[in-house]
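Please read the structure below before turning to the comments.
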Amino acid sequence: MSSAQILIALYTMTRKEVTRIFRIWSQTLLPPIITTALYFLVFGTFLADRIGEVQGVWYAVFIIPGLIMMGVITNAFSNVASVTYMSKFQRNIEEVLVAPIPAWAVTLGFASGGVVRWLIIALIIFLTTIFFVDIQVAHPIIAILAIFLTTLLFSFMGLVNGLFAKNFDSVTLIPTFVLTPLTYLGGVFYSADSLKGVWKTISHLNPIYHMVDLFRYGFIGEMSGNIWIGFGVLIGGIIIFWSWGYMMIRNGRDLIG
Numbered sequence: 015m016s017s018a019q020i021l022i023a024l025y026t027m028t029r030k031e032v033t034r035i036f037r038i039w040s041q042t043l044l045p046p047i048i049t050t051a052l053y054f055l056v057f058g059t060f061l062a063d064r065i066g067e068v069q070g071v072w073y074a075v076f077i078i079p080g081l082i083m084m085g086v087i088t089n090a091f092s093n094v095a096s097v098t099y100m101s102k103f104q105r106n107i108e109e110v111l112v113a114p115i116p117a118w119a120v121t122l123g124f125a126s127g128g129v130v131r132w133l134i135i136a137l138i139i140f141l142t143t144i145f146f147v148d149i150q151v152a153h154p155i156i157a158i159l160a161i162f163l164t165t166l167l168f169s170f171m172g173l174v175n176g177l178f179a180k181n182f183d184s185v186t187l188i189p190t191f192v193l194t195p196l197t198y199l200g201g202v203f204y205s206a207d208s209l210k211g212v213w214k215t216i217s218h219l220n221p222i223y224h225m226v227d228l229f230r231y232g233f234i235g236e237m238s239g240n241i242w243i244g245f246g247v248l249i250g251g252i253i254i255f256w257s258w259g260y261m262m263i264r265n266g267r268d269l270i271g
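Residue numbers for the sequence shown follow this note's numbering, so the first one is 15 and each next one is one higher.
Put into structure tokens, the structure is as follows:
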């Protein structure tokens, strides 16, 4: 295929996912926005006065980057994983595999839905929070890069999970027992600086902690770790899981029932 034809194929797969997102917006866009708003209401409004400041900023402002990242991580993964598995279950993935489309374009096409969906939701959540607190983004370029790379990473992770999944339970296994615990222990509601001893070490070994910390630095200008470690974790993860998904799609093994 020529470069123009590949771009058309990639655009078609992306448009399909974006159309699905807006067609069933009450299922794809509304629930995570409501969930994040409730978290912010409970922790950012009811508890902020008791907690006060964390890392020199008001607690209600401190948790906003973590809440956005928590929604991005769990739902970008689940969205792409479920879409990919349903393509296998309904056997329409066969049409994509036999089409003369490069495997790398198919990999990006499947992940595009999660990326677009969560960039939209992250923007909506941010615009919602400015009605409750006064927010000035400290480093907008870093914040945008962090949220984009995180969305891309977990979309590729969801793609790999969806390709491996043998049943519906397999699609929810990783989000429930791996991503949710790591996310809650990734500094969404607290600063790792407040931890002592082994717990602080464990927190720094959590890759999601570095993603949240990087986005928080871009958002409020404060972080506990290192900016380069955050970017390194994200870029390294993207390379690993994109390559993994690419190899599975190129080989086509176990993808056709």
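No residue lacks a Cβ here, since even glycine has one placed at the ideal position from N, Cα and C.
Which stretch, first to last residue, makes up the alpha helix (DSSP H) that contains M262?
-> Along the sequence shown, read from residue 1 onward, the residue named residue 262 stands at position 248. Start and end: I241 to N265.
Which residues in the same chain have their Cβ closer than 7 Å to the Cβ of E236, if we skip the five residues on either side of it in sequence?
-> Here residue 236 corresponds to residue number 222 of the sequence shown, with the count starting at 1. Result list for E236: Q69, G70, V71 and R230, in chain order.
Counting only runs of 4+ residues fully inside the stretch 167-232, write out the alpha helix (DSSP H) ranges in chain order.
-> 182-188, 194-198 and 211-219
So what does DSSP say about E108, is it helix, strand or coil?
-> Here residue 108 corresponds to residue number 94 of the sequence shown, with the count starting at 1. Note: E108 maps to helix in three-state DSSP.
Using only alpha-carbon positions, find the residue among Y204, V192 and M261 that is nearest to G80.
-> Within the sequence shown, the letter at position 66 stands for residue 80. Comparing Cα positions, the closest option is Y204.
Determine the contact status of G211 and H224, defining contact as a CB-CB distance below 7 Å.
-> Taking the sequence shown and counting its residues from 1, one reaches residue 211 at position 197. Taking the sequence shown and counting its residues from 1, one reaches residue 224 at position 210. Not a contact, by the Cβ cut-off of 7 Å.
Exposed unless 16 or more other CB atoms sit within 10 angstroms - verdict on I82 | For the purposes of this step, residue 82 is identified with residue 68 of the sequence shown, where counting begins at 1. So I82 ends up on the buried side.
Please classify N93: is it buried, with 16 or more other beta-carbons within 10 angstroms of its beta-carbon, or exposed?
-> Here residue 93 refers to the residue found at position 79 when the sequence shown is read from its first residue. So N93 ends up on the buried side.
A119, enclosing alpha helix (DSSP H) - first and last residue | Counting from one through the sequence shown, the residue named residue 119 turns up at place 105. Segment A117 to T143, the alpha helix (DSSP H) holding A119.
V68 by DSSP, collapsed to three states: which one?
-> If you number the sequence shown from 1, residue 68 lands on position 54. The answer is strand: DSSP assigns V68 an E or B state.
Within the chosen definition, does the stretch 48-57 reach the stretch 150-158 through at least 3 CB pairs nearer than 8 Å?
-> no
Please classify E31: does DSSP put it in a helix, a strand, or coil?
-> Locating residue 31 in the sequence shown gives position 17, where the first residue counts as 1. Three-state result, E31: helix.
Pick from P114, F103 and T197 that is closest to F182, judged by C-alpha positions = Here the question's residue 182 lines up with position 168 in the sequence shown. Per the Cα distances, F103.
Alpha carbon to alpha carbon, how far is I78 from S16?
-> Within the sequence shown, numbered from 1, the residue matching residue 78 stands at position 64. Within the sequence shown, numbered from 1, the residue matching residue 16 stands at position 2. Between I78 and S16, the C-alpha separation is close to 44 Å.
Cβ-based burial, N265 [other Cβ within 10 Å; buried from 16] = Locating residue 265 in the sequence shown gives position 251, where the first residue counts as 1. Label assigned to N265: exposed.
Would you kindly check if the distance between the Cβ of V147 and the Cβ of A206 is under 7 Å?
-> Residue mapping note: residue 206 aligns to position 192 of the sequence shown, counting from 1. Residue mapping note: residue 147 aligns to position 133 of the sequence shown, counting from 1. No.
Spell out a yes or no on whether the stretch 212-221 and the stretch 186-194 are touching, meaning 3 or more CB-CB pairs, one atom from each, closer than 8 Å.
-> no
CB contact flag (L248, L163, <7 Å) | Position 234 of the sequence shown holds residue 248. Position 149 of the sequence shown holds residue 163. Result yes, Cβ atoms of L248 and L163 sit closer than 7 Å.
Just tell me which of V97, L228, F233 and R29 has its CA closest to the CA of I171.
-> On the sequence shown, residue 171 is found 157 positions in, with the first residue counted as 1. It should be noted that the sequence gives Met, not Ile, for residue 171. Ranking the options by Cα distance to M171, first place goes to V97.
Can T165 and A62 be called in contact, C-beta distance under 7 Å?
-> Mapped onto the sequence shown, residue 165 falls at position 151. Mapped onto the sequence shown, residue 62 falls at position 48. Contact: no.
Pick helix, strand or coil for I47, following the three-state DSSP scheme.
-> For the purposes of this step, residue 47 is taken as residue 33 along the sequence shown, with counting starting at 1. If DSSP states are grouped into helix, strand and coil, I47 belongs with the helices.
Contacts around I138, its chain only, beta-carbon distance under 8 Å, and the 5 residues preceding and following it disregarded = On the sequence shown, residue 138 is found 124 positions in, with the first residue counted as 1. Taken in chain order, the residues that qualify are L43 and I47.
Please report the Cβ distance between A160 and Y99, rounded to the nearest whole angstrom; I am assuming they are in contact, meaning their Cβ atoms lie under 8 Å.
-> Translated into positions along the sequence shown, residue 160 becomes position 146. Translated into positions along the sequence shown, residue 99 becomes position 85. The Cβ separation is near 28 Å, so there is no contact.
With C-beta atoms as the reference, is I252 less than 7 Å away from L167?
-> The residue you call residue 252 lines up with position 238 of the sequence shown. The residue you call residue 167 lines up with position 153 of the sequence shown. Going by C-beta atoms, I252 is nearer than 7 Å to L167.
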